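Numbering (the working numbering), first residue to last: 2 to 544.
Glycine is no exception: its CB is placed at the ideal position from the N, C-alpha and C atoms.
Predicted model, so just to flag it, every value in this text is computed and none were measured.
Below you can see the structure in the form of structure tokens.
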């Protein structure tokens, strides 16, 4: 998934209306484990550790760099139930420290893990993963807190929801009496030791969407994010118990599989439209299992031999991308380069081609936990992934960034793998890629008034004198050493930081990394909330 501990893996808009500027090139903990279809698990020729190639790559000015922060069964945050509110807040701030340390620019935080909520929802109870007791108020609003604190550090906050999962156990009596699954037992079935909402019931789809949209309406989210859990992963010897629902709602469909895919398609398309109708700037993205279909099953599929999300989760992820229902697709390509059954070097180009056809942004899900577990034996595996992604980018089918599962493995830095990613690819900060179809603000170039040496470094002061509706959400600061002249703001090596806007016209920020005795030149640009950038300010020199 973004493996949320329930799976261990192995191997009212039509079409593209909001992207009509584009010319298309083509129209764990539990038993619900996914298994790789038996092919050969023998890796192909190992991908060479190309440290020199990675070192030679110029940094990217724009790419998404994110990590998943999982709440289900307390994988990442909170680390355990029953922590006091102050302890929970301190733990989350630690994860933001980690994000800054590794030059990440976004966090994907699980806020609805099991038909429960990390905010005061009128539709679903407080999550048990906060206090240990479902329905118990944690004493603060976690979603408000994480949004505010992520934005304070100018990190994008994508709220991550599991649509259909109701509980990690199968007894409805263990849910609070007011839980919608208790109030409407006909909405729910048990499968694989868990409870799920029935995706085939229109009233279930409406409830789930209303629960999600409540948070979109009331919180300043940057994105709505789903992982790979649609219909549940197969469990040996069990059958999904939706035959009665199919009999009631499946007229006109050739078989139950086609009907299930239709249910998921309808849900994805509808929630996409409703998010955009409510807040057009909020991004909608999905992180599916890494294989749509294998080429041996479907000529449009990838050159792989693993399980197929189209057939097992009834998730037609390729269709969602080509129809333009998503702002980004974030497939979990959780395998190593050269693994015959699911080769990273074959899957990423396949996804890049699909995404490029509609202009959808592509972020690759990375299995950092597989370094910890020992599946990835090469400490350079993840760095090599990013080097390969850059090569695909150069071929004109861009990979727009990478997301790491899960947060706890980032500071653990197994085998130095994340330090290597930092050194080879993330040595400079990066700006989140802009999506041209999202509503833009005509931000103006800031007026950089001074760059003054202080005991704390170089203090910059600039003004954003635009009318309030046109003011920047954040700013990018660029720096070069010594001399005079212009600064190339397209050179990522010159990007020093991005900074959230303060209230008011006058903005101040201190470059604490400025070395004593060195002369620097600075410029500042303005960024709107979806990362469109203004022209640069005038250059100011500090010595």
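Would residue i and residue j qualify as a contact pair, given that the criterion is a beta-carbon distance under 8 Å?
{"i": "residue 467", "j": "residue 501", "result": "no"}
{"i": "residue 322", "j": "residue 355", "result": "yes"}
{"i": "residue 131", "j": "residue 434", "result": "no"}
{"i": "residue 68", "j": "residue 404", "result": "yes"}
{"i": "residue 176", "j": "residue 135", "result": "yes"}
{"i": "residue 186", "j": "residue 178", "result": "no"}
{"i": "residue 337", "j": "residue 367", "result": "no"}
{"i": "residue 268", "j": "residue 333", "result": "no"}
{"i": "residue 396", "j": "residue 59", "result": "no"}
{"i": "residue 330", "j": "residue 297", "result": "no"}
{"i": "residue 228", "j": "residue 288", "result": "yes"}
{"i": "residue 459", "j": "residue 450", "result": "no"}
Please list the terminal residues of the continuous beta strand (DSSP E) segment that includes residue i.
{"i": "residue 527", "result": "521-528"}
{"i": "residue 109", "result": "107-113"}
{"i": "residue 93", "result": "Where residue 93 is concerned, there is no enclosing beta strand (DSSP E), although the alpha helix (DSSP H) it sits in stretches over 86-102."}
{"i": "residue 65", "result": "65-70"}
{"i": "residue 160", "result": "157-162"}
{"i": "residue 195", "result": "195-198"}
{"i": "residue 188", "result": "First-last for residue 188: undefined, no H or E at that position."}
{"i": "residue 168", "result": "166-168"}
{"i": "residue 542", "result": "541-543"}
Only counting the same chain, and skipping five residues up and downstream in sequence, which positions put a Cβ closer than 8 Å to that of residue i?
{"i": "residue 78", "result": "70, 71, 72, 89, 92, 93, 96, 110, 408"}
{"i": "residue 526", "result": "446, 447, 476, 477, 479, 490, 534, 535, 536, 537, 538"}
{"i": "residue 430", "result": "104, 106, 496, 497, 498, 499"}
{"i": "residue 432", "result": "62, 63, 106, 477, 496, 499, 528, 532, 534"}
{"i": "residue 347", "result": "303, 304, 305"}
Since residue i is in the alpha helix (DSSP H), which residue starts that stretch and which ends it?
{"i": "residue 149", "result": "143-153"}
{"i": "residue 499", "result": "Premise fails: residue 499 lies in the beta strand (DSSP E), 496-501, not in any alpha helix (DSSP H)."}
{"i": "residue 183", "result": "181-184"}
{"i": "residue 545", "result": "Residue 545 lies beyond the residue range present for the chain, which begins at 2 and ends at 544; the question has no answer from this structure."}
Work out the CA separation of residue j and residue i for me, nearest whole Å.
{"i": "residue 377", "j": "residue 371", "result": "6 Å"}
{"i": "residue 211", "j": "residue 75", "result": "25 Å"}
{"i": "residue 402", "j": "residue 139", "result": "34 Å"}
{"i": "residue 209", "j": "residue 164", "result": "6 Å"}
{"i": "residue 265", "j": "residue 231", "result": "7 Å"}
{"i": "residue 106", "j": "residue 156", "result": "5 Å"}
{"i": "residue 39", "j": "residue 310", "result": "Confidence is the limiting factor: at residue 39 the pLDDT is only 27, short of 50, which leaves the residue's position unreliable and the question unanswerable from this model."}
{"i": "residue 199", "j": "residue 104", "result": "40 Å"}
{"i": "residue 421", "j": "residue 520", "result": "30 Å"}
{"i": "residue 118", "j": "residue 215", "result": "11 Å"}
{"i": "residue 113", "j": "residue 223", "result": "16 Å"}
{"i": "residue 116", "j": "residue 205", "result": "11 Å"}
{"i": "residue 62", "j": "residue 389", "result": "17 Å"}
{"i": "residue 277", "j": "residue 220", "result": "15 Å"}
{"i": "residue 149", "j": "residue 294", "result": "40 Å"}
{"i": "residue 518", "j": "residue 463", "result": "23 Å"}
{"i": "residue 85", "j": "residue 373", "result": "29 Å"}
{"i": "residue 524", "j": "residue 313", "result": "52 Å"}
{"i": "residue 127", "j": "residue 471", "result": "37 Å"}
{"i": "residue 193", "j": "residue 243", "result": "14 Å"}
{"i": "residue 236", "j": "residue 302", "result": "24 Å"}
{"i": "residue 47", "j": "residue 384", "result": "Because residue 47 sits at a pLDDT of 38, beneath the cut-off of 50, its placement in the model cannot be relied upon, and the following sentence gives the value as read from the coordinates. Looking at the two C-alpha atoms, the distance is approximately 14 Å."}
{"i": "residue 271", "j": "residue 122", "result": "21 Å"}
{"i": "residue 544", "j": "residue 428", "result": "24 Å"}
{"i": "residue 80", "j": "residue 120", "result": "18 Å"}
{"i": "residue 189", "j": "residue 144", "result": "27 Å"}
{"i": "residue 386", "j": "residue 184", "result": "47 Å"}
{"i": "residue 412", "j": "residue 369", "result": "11 Å"}
{"i": "residue 124", "j": "residue 300", "result": "43 Å"}
Excluding five sequence neighbours on each side, which residues of the same chain lie with their C-beta closer than 6 Å to the C-beta of residue i?
{"i": "residue 398", "result": "353, 354, 357"}
{"i": "residue 226", "result": "109, 159, 161, 286"}
{"i": "residue 542", "result": "522"}
{"i": "residue 18", "result": "Its pLDDT being 38, under 50, residue 18 is placed unreliably in this model, and the value from its coordinates should be taken loosely. Correct list: empty, nothing qualifies."}
{"i": "residue 343", "result": "12, 305, 307, 336"}
Near residue i, which residues of its chain fall below 7 Å by C-beta distance, leaving aside the five closest residues on each side in sequence?
{"i": "residue 474", "result": "502, 528, 529, 530"}
{"i": "residue 505", "result": "none"}
{"i": "residue 257", "result": "247, 251"}
{"i": "residue 510", "result": "461, 478, 500"}
{"i": "residue 275", "result": "210, 214"}
Taking Cβ positions only, does residue i come closer than 8 Å to chain C?
{"i": "residue 365", "result": "Here chain C cannot be found, since the structure has a single protein chain."}
> What alpha helix (DSSP H) runs, 4 residues minimum, are completely inside the segment 388-455?
Replying inline: 410-413, 418-425
> Which runs of the alpha helix (DSSP H) spanning at least 4 residues fall entirely within the segment 345-370, listed in chain order?
Replying inline: 345-359
>> Quick check for students: name the residue ranges of the alpha helix (DSSP H) that lie wholly in the segment 255-342, counting only runs of 4 or more.
In response: 257-279, 310-313, 318-323
>> Which complete beta strand (DSSP E) runs does the segment 219-250 hold, if anything under 3 residues is left out?
In response: 224-227
>> For a minimum of 3 consecutive residues, which ranges assigned as the beta strand (DSSP E) are wholly contained in the segment 462-519?
In response: 475-482, 496-501, 507-512
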